[in-house]
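Colleague: One structure, pasted below without further comment.
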Amino acid sequence: MWKLRMRKRVTNIRNAIGIWGLYAALAVPIVAQEPGTGTPEPTLPPAAPLSALQQRGAEIYRDQCADCHGAHGEGAEGAYEDPLIGDESIGQLAARIDKTMPEGSPEDCRGEDARAVAEYIYEAFYSEAAQIRNRPPRVMLTHLTTAQLRQSLADLYSLGATLPRETGNRGLSARYYNGDRRKEEELKLERVDPTIDFDWQRNSPVEGVDADSFSIEWNGGLMVPRSGRYEIIVRSTCSFLFYLGASDREFINNHVQSGNKTEFRRSIYLIDGRVYPLRIEFRQRKRKTEIPPARIQLAWVPPQGVEQTIPAEYLVPERPTDTLAIQTPLPPDDRSYGYERGIGVSREWEEATTAAAIEFAEVAIEELWPEYRRRHRGRDQPRAALRGFLQQLLEAAMRRPLTDELQERYIDKQLAAEPDDGEAIKRCLLAGLKSPYFLYPDVDLDQPKSARVANRLALILLDSLPADGRIRAAAQKNKLLTDDEVRQVASAYLDDHRLRSKTRGMLRGWLNLEHIADIRKDEELFPGFDQALVADLRMSLEQLLDEVVWQPESDYRQFFTLNQGITTRRIAEYYGEDWRPAGPWRRGYWTEPTVPSPKHLGLLTHPYLLSGLAYHDSTSPIHRGVFLIRYMLGRTIRPPADAFAPLSPDLHPDLTTRERVELQTSPEFCQSCHEKINALGFTLENYDAVGRFRELERGKPIDPRGRYVTRDGREIELQGAADVARFLAESDDAVYAFVKRAFQHFVKQPPAAFGADTMDRLVQHFRDSGYNIQELIVEIAVEATRPIRTAAEQIAFQGDPG
Amino acid sequence: MNRRQRVLEAQSRREFMKRLGIGAAAANLLWGLPSLARAAAAGRRKQRVVFVFSPNGVIPQHFWPDKTGTEFDLKRILQPLADLKSQVITLHGICNRIKGDGDGHMRGIGCLLTGIELFPGDIQGGSDTPAGWSMGISVDQHLKNQLQADPATRTRFGSLEFGVMVPDRADTWTRWSYAGPNQPVAPIDDPYKMFDKLYGQTKNREILASVLDDVTADFERVRDLLSQEDRQLLEHHVELVRGIEKELQSELEHKQRGEGQPAQSTESHLVPELPPNIEEENDNMPLLTRMQMDLLVNSFMADFARIATFQITNSVGQPRMRWLGIDEGHHTLSHEPDSNEDAYEKLIQINTWYCEQVAYLAKRLAETPEPGGEGSMLDNTTIIWTNELGKGNSHTRDNIPFVLVGGGLGFKTGVAHDFGKVPHNRLLMTICQAMGHPTESFGNPDYCTDGPLTGLA
């Protein structure tokens, strides 16, 4: 079959080589190359003098390879156009060349010759080191990502306020009053309710409170597991007022209990990394007629989730600072480098940033300005107060003190054009939030070093502005110049919700979770595996990740070695024994840690991942293999040349999944990648399509043997999931991939742009710290601010006085 | 063809279709000419209704004309309408008969435009049983839905809900417009908010056009600091901004020249100016009322809506009309017995002030030519000024004040009626009918059996 295909394609040399060429065998990342890791400049020579063997390889390359691959591996038009770059070892390269190159006559380059060519191209342009040397990556100008825009506006809203920290407390503060007026002298009970889900019928809710006339105030904060649109649902048979986001920002008004209207729904976009003030005033009003039974439930439908009572995990009893989540939809960021970064501008983005600026301005007019005026009452002339108000907002937004010139352009000129305060605020904020100073944080080149470090730190750690007290204070005291100073300030943010949110985003990207969005299983084969269970599994995995990062040891290895999971009632019921909770179920909480079990290998054997990386009716060693090799080990795997449908299990009733996959990927051109993919994917075959442990498949014992060839060419034998877990926990390749992913996510630039040895230093530090993830985040901040801290003095705009 | 004939003709056309048993859409299909109905509609005049609310009843002796018919007299409270007497209709004998839950004030406002009972609820008034929201849609929202369903009468908003000094509290006493059972519609009582609703988008684009130039100047300044490669991103961005700036400028110039609009309506598309920084405070009530009325006239000129409600304060409203030298709250005064001469006099003055507001609105409409049509805007608009109670100190809902000004409904104007004692549901039905959407009943059908009122057209 494939011979026929080859003959057909031979007329198209590019396609034919595309299938059979060296490049296909070597595999490239599916994402765009970062500058410096991309096409080598054809004129650049290798840095070190070549060894005799490499010299010989260079000559063979010139004679036999350069016509198709270009003089420096850059590719040749009309022949093989993609550059020769990748992450295989010299040994693997040599074997490949020996077997397949030159295309059509591999016998021309065998044994020692193939080895010489491999040595040469590896050193000259193929390896990652060579790529960096040939074209050093640089820090690219980027604009705010959508997450950064949302967080920045939220911080601008709460400028000067102290943001809530993670306290570990959960639930909502509740105050129970006799009578419906919430009079202090009638306060009968204060406690923390883990959640709001009560049905008192016509009884008194607590002792000392009349059944026919009482009121309850719940107070605290709401957190979200991920940014997105939430539908909030209140079911109440009595009067209530619901405030969300700010003390007086009404969310649902059911002041009047009327007829049988008892269900209230409203959607809102909420961003992770914030705690939203939440207050519900509930009243059973005394009346001349019979009171209705008193019930209230606070529920939600999270993005990609199912309806549930908002669990205690997302409620905090302390009242947080007022905050703002911008509702304007923003287009997704560029991900062509494998992580979100602001390197594209489009009309859609431009208009969305305008809409977001207007939305912010309208809230500022409605909420911030009256509050500012109240605090400055009598002290200033009205317009002087307005000027002061705008100045502090714009200085924070534009990340710089306003020079006279900026003051004139962004404030005075706009105020002069508009007599109405509200419209004037809109003008100034629109100008400021559309300015390059807000949208492009990197254009602060004319600012003092510590200010620039503060700007970077806020972006790296919080995706935001340095509106926060500590970063700002350190910058003002010029205390952000040494490694230790940065380390100290960065460490102080480890319990900040924004940093935790950003870390969650990093882990989601590391596990490629956004691409496992829709998990559905064959209802006959897996009865009971429904969307509610999927939502629970997702939560279970996300909490496991959080747990590993934020426990004191913060040990990366636990991602693969932790012998406990996080379970829910649904998970325990479906997965049984190993997913029993270690203790009793607590009221109002969604999740509990499981009993310890050797079947738990951290995230590696998590049913969310394993069922996401499987078909609806069977496992998929290929998906699991690609996941391990690409995401966990950071290796490059090229997408298949064509789309293939998997062989149906029904057509091969006698074969195990392993046998079927081996059959389908047996052609040699498949094997170039699949020998690596399958060998890893098979190791997880003990876990079925929903991630349950199994010993047998179709009556045959599972064969979970596999292997992996490391970046430096070592072959590792793996006997099933436990071996893989042990390997991932300490392997150079996996650690390197994790550190690099973290750097890219936090900094949004390639690590090599901060020095060729940045990655080596970070990996070394990571190992020395006992694989401490929290410390890694801090060190990333240290590394990524070093160029600014050690650079020559700041520069000034041309024509700027002084 | 005069106005009345046109209305009659429109009604008979609908009647004809109704007798055939087909709706307008089906009729279009039947005739195979979708544009026909629209063409017919284009020849039809616009009809608008504004419902104006003022609270706490009136002083009947100084409100109702002594004589009915065309030779009626305007009493003290209605004197501000003297210049417009030929456009005025007074409707005595209309009673809000709705029983059930809720005190007199609650049913006074909550059943006024809905004609149906309140749900049982937990809002306990001074007497009677507690109640919640209305069980049905109000006539303004019903008409809005009818007009919006027909492309010939559809407008940007359909209806606008204005308020003046409505307390920031959603309860039975502060709502009179309902989109359906248990669905009160909150009036917008902040003129700047109403302005945003009406003109916000346009205004935002004006602001954007004017600040973009300053912003691009800064893009060019920072560009000079950057490397060649980084400049590309900024340059691409600036290009986009410049493009948008140009589009905005041509859009705004276009708008200023009034292109693409019928010649007469150019003015109606201009964004009105509001006095800056007016706080929502008791003493600003006259100015706030004026601002809201101006916005209402403007929005009608632009044909943003053909239905409006205009709710001045709320049921049990307590404005202190210090600008009239009255320091007491209106509701408190309204409970005083008639024998309290001071209160009695003040209540007359208060109600006269409300009438002045109605007269201001009527005059503005009368002075404004109908955009793209004949006569004045008042010729095509009926203001229906009404109240929650007939009289404050008795809380009666008999003889609810209904004073109509203008020709929107096509009724014979310059006349005082007395209907004896009829349920107000029949008036609500009459309004629907006059707006071209007759209905078998409105609100509680028990009060509708006698059909729409007769003798108005």
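Protein chains in written order, with the numbering used here: chain A, 2 to 803; chain B, 2 to 458.
Don't be surprised by glycine CBs; every beta carbon is placed ideally from N, CA and C.
Please state whether DSSP places E389 (chain B) in a helix, a strand or coil.
Modeller: Look at E389 (chain B) here: in three-state DSSP terms it is coil, with no helix or strand label.
Colleague: Do you know offhand how far Q184 (chain B)'s Cα is from R176 (chain B)'s?
Modeller: 10 Å
Colleague: Would you mind telling me which residues of chain B sit closer than 7 Å to S248 (chain A), beta carbon to beta carbon, in chain order?
Modeller: Those do not exist, as S248 (chain A) stays about 14 Å from chain B at its closest Cβ, beyond 7 Å.
Colleague: Give the interface partners of S55 (chain B) over in chain A, defined as CB-CB distance under 9 Å, in chain order.
Modeller: Neighbours of S55 (chain B) on chain A: none; closest Cβ ~23 Å, over 9 Å.
Colleague: Which chain A residues sit within Cβ distance under 8 Å of R170 (chain B)?
Modeller: In chain order: H256.
Colleague: Would you call S466 (chain B) buried or exposed, if buried means 16 or more other Cβ atoms sit within 10 Å of its Cβ?
Modeller: Here chain B covers residues 2 to 458 and nothing more, so residue 466 (chain B) does not appear.
Colleague: Please list, in chain order, the residues of the segment 725 to 746 of chain A that have any C-beta partner in chain C closer than 7 Å.
Modeller: In the structure shown, chain C does not exist; the protein chains are A and B.
Colleague: Along the segment 131 to 155 of chain B, where does the CB come closer than 8 Å to a CB of chain A? Name the residues.
Modeller: P131, A132, G133, W134, M136
Colleague: Report yes or no: is there a C-beta of chain B within less than 8 Å of the C-beta of Q132 (chain A)?
Modeller: no
Colleague: For the beta strand (DSSP E) containing A295 (chain A), name the first residue and the last one.
Modeller: 295 to 302
Colleague: Residues of the segment 257 to 276 of chain A in Cβ contact with chain B at a cutoff of 9 Å, in chain order, please.
Modeller: V257, Q258, S259, G260, N261, K262
Colleague: Grab the span of the beta strand (DSSP E) containing W174 (chain B) for me, first residue to last.
Modeller: If you look at W174 (chain B), you'll find it isn't in any beta strand (DSSP E); DSSP assigns it neither H nor E.
Colleague: With a threshold of 8 Å between beta-carbons, can I124 (chain B) be considered close to chain A, or not?
Modeller: Judged by the 8 Å Cβ criterion, I124 (chain B) is in contact with chain A.
Colleague: Using CA atoms only, rank isn't needed, just tell me which of A:G613, A:P467, A:D758 is closest to S159 (chain A).
Modeller: A:P467
Colleague: Where F798 (chain A) and E363 (chain A) are concerned, what is the direct C-alpha to C-alpha distance, given to the nearest angstrom?
Modeller: Legend: pLDDT at F798 (chain A) = 48, less than 50; position of this residue unreliable, value from coordinates given subsequently. Looking at the two C-alpha atoms, the distance is approximately 33 Å.
Colleague: Assign L652 (chain A) to buried or exposed, taking buried as 16 or more other Cβ atoms, counted over all protein chains shown, within 10 Å of its Cβ.
Modeller: Taking all protein chains shown into account, L652 (chain A) has fewer than 16 neighbouring C-beta atoms within 10 Å of its C-beta and is therefore exposed.
Colleague: Is it the case that the Cβ atoms of D618 (chain A) and R659 (chain A) are separated by a distance below 8 Å?
Modeller: no
Colleague: On the DSSP bridge list, what partners appear for K184 (chain A)?
Modeller: Beta-bridge partners of K184 (chain A) (DSSP): none assigned.
Colleague: Closer than 8 Å is the cut-off here; do at least three beta carbon pairs connect the segment 230 to 240 of chain A with the segment 263 to 270 of chain A?
Modeller: yes
Colleague: In the DSSP output, what is C96 (chain B) paired with across the bridge?
Modeller: B:P424
Colleague: When you check each C-beta in the segment 395 to 424 of chain A against every C-beta of chain B, which residues fall closer than 9 Å?
Modeller: L407, R410, Y411, K414, Q415, A418, E419, P420, D421, D422, G423, E424
Colleague: Taking Cβ-Cβ distances below 8 Å as the criterion, which residues of the segment 225 to 246 of chain A are in contact with chain B?
Modeller: Listed in sequence order: C239, S240.
Colleague: Can you tell me where the beta strand (DSSP E) holding R708 (chain A) begins and where it ends?
Modeller: From DSSP, the beta strand (DSSP E) with R708 (chain A) extends over 706 to 710.
Colleague: Can you pull the chain A neighbours of S211 (chain B), defined as C-beta to C-beta under 8 Å?
Modeller: A418, R428
Colleague: By how many angstroms is the C-alpha of R243 (chain B) removed from the C-alpha of T217 (chain B)?
Modeller: Cα-Cα distance, rounded: 8 Å.
Colleague: On the DSSP bridge list, what partners appear for N513 (chain A)?
Modeller: According to DSSP, N513 (chain A) bridges with nothing at all.
Colleague: Note down, in chain order, each residue of its chain lying with its Cβ closer than 8 Å to the Cβ of F301 (chain B), except the 5 sequence neighbours on either side.
Modeller: If we look at F301 (chain B) and ignore the five residues flanking it on each side, its Cβ neighbours are R49, R307, A309, L366, M378, T382.
Colleague: Closest Cβ-Cβ distance between I99 (chain B) and chain A: below 8 Å?
Modeller: no
Colleague: To the nearest angstrom, how far is the alpha carbon of E578 (chain A) from that of F694 (chain A)?
Modeller: 11 Å
Colleague: Run down chain A in chain order and give the residues with a C-beta less than 9 Å from the C-beta of W295 (chain B).
Modeller: In the sequence as displayed, the identity of residue 295 (chain B) is Asp instead of Trp. Those within 9 Å of D295 (chain B) in chain A number zero; the least Cβ separation is about 15 Å.
Colleague: Can we count V118 (chain A) as close to the ligand ADP, meaning its CB is less than 7 Å from some heavy atom?
Modeller: You won't find the ligand ADP in this model; it holds no ligand whatsoever.
Colleague: State the DSSP-derived secondary structure class of Q258 (chain A), mapped to helix, strand or coil.
Modeller: coil
Colleague: I'd like the ranges of any alpha helix (DSSP H) spanning at least 4 consecutive residues and lying wholly in the segment 72 to 124 of chain A.
Modeller: 91 to 101, 112 to 122
Colleague: What are the boundary residues of the alpha helix (DSSP H) that E351 (chain A) is part of?
Modeller: 348 to 364
Colleague: Classify K427 (chain A) as buried or exposed, calling it buried when 16 or more other Cβ atoms lie within 10 Å of its own Cβ.
Modeller: buried
Colleague: Relative to the C-alpha of R499 (chain A), which residue among A:I272, A:I233, A:R57 is closest?
Modeller: A:I272
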